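Engineer: Take this structure, written in structure tokens, and hold onto it; I'll ask about it next.
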Amino acid sequence: MARFGVVCAVLGLLALGGWLYARDWAPSREEFPTQGVSVSSADGTIEWGTLAAQGADFAYIRAASGGHFRDPAFEANWAAARAAGMRYGAVLEFSLCAKASDQATGFMTMVPRDNAALPPVIRLAFEPGCRARLGQDAVLSELNTLINLIESHAGTSVVLNVSDDFDAQYGIASGINRTLWLDRNFFPPDSEKRKWVMWTASDMRHIDGIEGPVRWDAMAR
Numbered sequence: 015m016a017r018f019g020v021v022c023a024v025l026g027l028l029a030l031g032g033w034l035y036a037r038d039w040a041p042s043r044e045e046f047p048t049q050g051v052s053v054s055s056a057d058g059t060i061e062w063g064t065l066a067a068q069g070a071d072f073a074y075i076r077a078a079s080g081g082h083f084r085d086p087a088f089e090a091n092w093a094a095a096r097a098a099g100m101r102y103g104a105v106l107e108f109s110l111c112a113k114a115s116d117q118a119t120g121f122m123t124m125v126p127r128d129n130a131a132l133p134p135v136i137r138l139a140f141e142p143g144c145r146a147r148l149g150q151d152a153v154l155s156e157l158n159t160l161i162n163l164i165e166s167h168a169g170t171s172v173v174l175n176v177s178d179d180f181d182a183q184y185g186i187a188s189g190i191n192r193t194l195w196l197d198r199n200f201f202p203p204d205s206e207k208r209k210w211v212m213w214t215a216s217d218m219r220h221i222d223g224i225e226g227p228v229r230w231d232a233m234a235r
């Protein structure tokens, strides 16, 4: 019984050590010199000066989600990131439950034309609240419409931040010729399979300036 207690204690300490390591981990700056965060109103009040001092070079900020949700913190976050000297860009979370034209309108209403901004990002992932599963041709058609509208507004090409399961179902990487941003905690995605320029390296990092875990991102060289 005593031995079982010791084993449990050791396993508990190992788990705690692993969690502490994971919450502080970031990719090597030698391999990935430019790193930053993805934020939204869900992150609460952000201390942007502190965030920049902690090594966040850029911030991608949610502007809208689907056809109707506009992030209430977007305008303040956009201005604060710029004032902190960080590079900044806007994110639209794509929804299978809304028309491309409505989603583009929501994004364009929120995001000003800004030549200093990073390329706009369309986040492609299955939403918990949307059960629609369109065919591949329909999804690619809607996405092409959305991309054309946003690129006309922004004056630059979009980046597609696509989750593995969304890409597996709809073939985004092979079906649409745009720059990719991929997700993979702790391990860089295989660039031989899919070329990418951005990587969500951790969705559990804790950093001064933001309450709770944050999505920590890295740019390829």
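Going by my numbering, the residue at position 20 of the sequence shown is 34; the numbering climbs one at a time, nothing skipped. The beta-carbon is built from N, C-alpha and C at its ideal position, and this holds for glycine as well. Treat the numbers as computed from the prediction; the structure is a model and nothing was measured.
1) Would you mind giving the Cβ-Cβ distance between A139 and L110, rounded to the nearest angstrom? I have them listed as a contact below 8 Å.
2) With DSSP run on the structure shown, which of helix, strand or coil describes E107?
3) Write down every uninterrupted run of the beta strand (DSSP E) in the stretch 114 to 149 whose length is 3 residues or greater and which is fully enclosed by it, in chain order.
4) Would you list, in sequence order, the uninterrupted alpha helix (DSSP H) runs of no fewer than 4 residues that lie entirely inside the stretch 64 to 103?
5) Please say whether D231 and G50 have beta carbons closer to each other than 8 Å?
6) Of all the options N158, R198, S115, L154, which has the alpha carbon lying nearest to the alpha carbon of T214?
7) Can you find the residues in the same chain that come closer than 8 Å, C-beta to C-beta, to D71, ignoring five residues on each side of it along the sequence?
8) When the distance is taken between beta carbons, is D85 closer than 8 Å to A73?
9) Since G50 sits in a beta bridge, which residues does DSSP pair it with?
10) Quick one: residues in its chain with C-beta nearer than 8 Å to the C-beta of A234, no 5 flanking neighbours on either side, listed in chain order?
11) What separation, rounded to the nearest whole angstrom, lies between the Cα atoms of R37 and G226?
12) Look at the Cβ atom of G120, then the Cβ atom of G81, and state whether they are nearer than 8 Å.
13) May I have the straight-line CA-CA distance separating R137 from F83, to the nearest angstrom?
14) Per DSSP, what are the beta-bridge partners of D151 in this structure?
15) Out of G223, I161, P133, E44, state which residue places its alpha-carbon closest to the alpha-carbon of F108.
16) Measuring alpha carbon to alpha carbon, tell me which residue in Q150, F200, Q117, S55 is nearest N91.
17) Between the beta-carbon of P133 and the beta-carbon of V173, is there less than 8 Å?
18) With distances taken Cα to Cα, identify the nearest neighbour of S42 among G69, S52, D57, V53.
19) Would you mind working out which of G103, L65, H220 sits nearest N129, comparing C-alpha positions?
20) My output table needs one value for E225: the three-state DSSP class, helix, strand or coil.
21) Taking 8 Å as the cut-off, decide whether the C-beta atoms of I60 and A114 are in contact.
22) Answer yes or no: do R127 and H167 have a C-beta to C-beta separation smaller than 8 Å?
23) Tell whether a beta-carbon distance below 8 Å holds between L163 and G189.
Structural biologist: In terms of the structure at hand:
1) A139 to L110, Cβ: 10 Å. No contact.
2) Here E107 sits in strand by DSSP.
3) List check, beta strand (DSSP E) in window: 135 to 138.
4) As far as the stretch 64 to 103 is concerned, its whole alpha helix (DSSP H) runs of at least 4 residues are 88 to 97.
5) Contact flag set, yes.
6) If you compare the alpha carbons of N158, R198, S115, L154 with that of T214, the shortest gap goes to R198.
7) For D71, where only same-chain residues beyond five positions count, the Cβ hits under 8 Å are T48, Q49, G50, M100, R101.
8) The answer is no: Cβ separation not under 8 Å.
9) Note: G50 sits in a beta bridge opposite F72, D231.
10) A distance below 8 Å between beta-carbons, with the five flanking residues on each side excluded, links A234 to the following residues of its chain, in chain order: F46, S205, W210, V211, M212, W213.
11) Cα-Cα distance, rounded: 10 Å.
12) Yes, these two residues count as a Cβ contact at 8 Å.
13) Rounded to whole angstroms, R137 to F83 spans 14 Å at the Cα level.
14) Partner(s): none; D151 has no beta bridge.
15) Ranked by Cα distance from F108, the options G223, I161, P133, E44 are led by I161.
16) Comparing Cα positions, the closest option is S55.
17) In contact: P133 and V173 (Cβ atoms closer than 8 Å).
18) With distances taken between Cα atoms, S42 lies closest to G69.
19) Of the listed residues, the one whose Cα sits closest to N129 is G103.
20) Under the three-state reduction of DSSP, E225 is assigned to coil, being neither helix nor strand.
21) Result no, Cβ atoms of I60 and A114 do not sit closer than 8 Å.
22) Contact flag set, yes.
23) The answer is no: Cβ separation not under 8 Å.
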